[in-house]
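Chemist:
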């Protein structure tokens, strides 16, 4: 029997894996920058900046004609990809200048405050835009829902917190990251609930979306979903986070929590991309 539903391959296989990596890196990097600003954690600022830079490079190499990437900016009024490029450019430029001012001790100046605000705006922009890129794909019901931007925002913030936990396990004297432990647990639990809501809503959103969910739960995407997104990305981090909330745990265990959480974040982005199916054209 001929396959009725055509899988989306451009963003999930081959060169498309670079796009998945790009969205993972930029989301985690921007989230790390936001939380590092909140906690005054300089290593997190540096890591967040470079994660976004590496993510931007992955975007660049994903393009079929990288030398024409600048043309993406011309569609700002109608394209979320163009808006995302603008947001990443704003963040990288402002964050680079801010870090220069920081390391050269030009702190608490008007110029430093301006680039502080611009970098924060750029980071928020990067966190928000990615889900809308996927949600704007009207031919793929699994992506074309307001829940996808909400899910991507949640995972970007979760990824940012995870980056700080990994770094915090290496810089254990930085006590200001203490409030990050309950925050990370809350983000993990809320993300798990959001994933369940997303899957349940998609099951009732037509045959194509139902088929995509079946691919994630029972089909070819089930292994990375259950092993990566659920077990590594949700169950184990929630268990470790609950233990850390109830008692004192070692920095190494918290670092492991962050690392597993990041692997889970990458897995869920891959699973959503891989399970995307085009809505069948009318006969």
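In the working numbering, the protein residues as written are 826 to 1108.
Glycine included, C-beta positions come from ideal geometry on N, C-alpha and C.
Just so you know, these numbers come straight off a predicted model, no measurement behind them.
1. Would residue 844 and residue 887 be called neighbours here (beta carbons separated by less than 7 Å)?
2. So, using beta-carbon positions, are residue 1046 and residue 1040 closer together than 7 Å?
3. Can you tell me whether residue 1033 is buried or exposed? The criterion is at least 16 other CB atoms within 10 Å of its CB, across all chains shown.
4. Just tell me which of 1028, 1022, 1020, 983 has its CA closest to the CA of residue 1062.
5. Around the C-beta of residue 1015, are 16 or more other C-beta atoms found within 10 angstroms, so that it is buried, or is it exposed?
6. Smallest Cα separation from residue 1054: which of 915, 832, 976?
7. From residue 1094 to residue 859, what does the alpha carbon distance come to, in whole angstroms?
8. Return the CA-CA distance between residue 1037 and residue 1101, expressed in angstroms with no decimal places.
9. Let me know the alpha helix (DSSP H) ranges lying completely inside the region 850-931, each 4 residues or longer, listed in chain order.
10. Among 921, 831, 1009, 879, whose alpha-carbon lies nearest the alpha-carbon of residue 1066?
11. Would you decide whether residue 1075 is buried or exposed? Buried here means 16 or more other CB atoms lie within 10 Å of its CB.
12. Starting from residue 1009, follow the alpha helix (DSSP H) in both directions and report where the run begins and ends.
13. Tell me the rounded alpha-carbon separation between residue 957 and residue 935.
14. Closest to residue 868 by C-alpha separation, out of 838, 994, 881, 1072, would be which residue?
15. Considering only residues of the same chain and omitting the five flanking positions on each side of residue 1092, which have a CB-CB separation below 6 Å?
16. May I have the straight-line CA-CA distance separating residue 883 from residue 1007, to the nearest angstrom?
17. Quick check on DSSP: helix, strand or coil for residue 831?
18. Classify residue 963: buried if its beta carbon has 16 or more other beta carbons within 10 angstroms, exposed otherwise.
19. Quick one: what's residue 1102 bridged to in DSSP?
20. Pick helix, strand or coil for residue 1031, following the three-state DSSP scheme.
21. Taking 8 Å as the threshold, find out whether the region 937-952 comes into contact with the region 1081-1089 through three or more Cβ pairs.
22. With a threshold of 6 Å on Cβ separation, who are the neighbours of residue 1044 within its own chain once the five nearest residues in sequence on each side are excluded?
23. Apart from the five residues on each side of it in sequence, which residues of its chain come closer than 6 Å, Cβ to Cβ, to residue 1031?
24. Whose C-alpha, out of 862, 909, 1017, is nearest the C-alpha of residue 885?
25. CA-CA distance, residue 861 and residue 989?
Modeler: Put simply:
1. yes
2. yes
3. buried
4. 983
5. exposed
6. 976
7. 21 Å
8. 6 Å
9. 867-887, 905-928
10. 1009
11. exposed
12. 1005-1028
13. 34 Å
14. 994
15. 1049, 1053, 1054, 1058
16. 32 Å
17. strand
18. exposed
19. 832
20. coil
21. no
22. none
23. 966
24. 909
25. 7 Å
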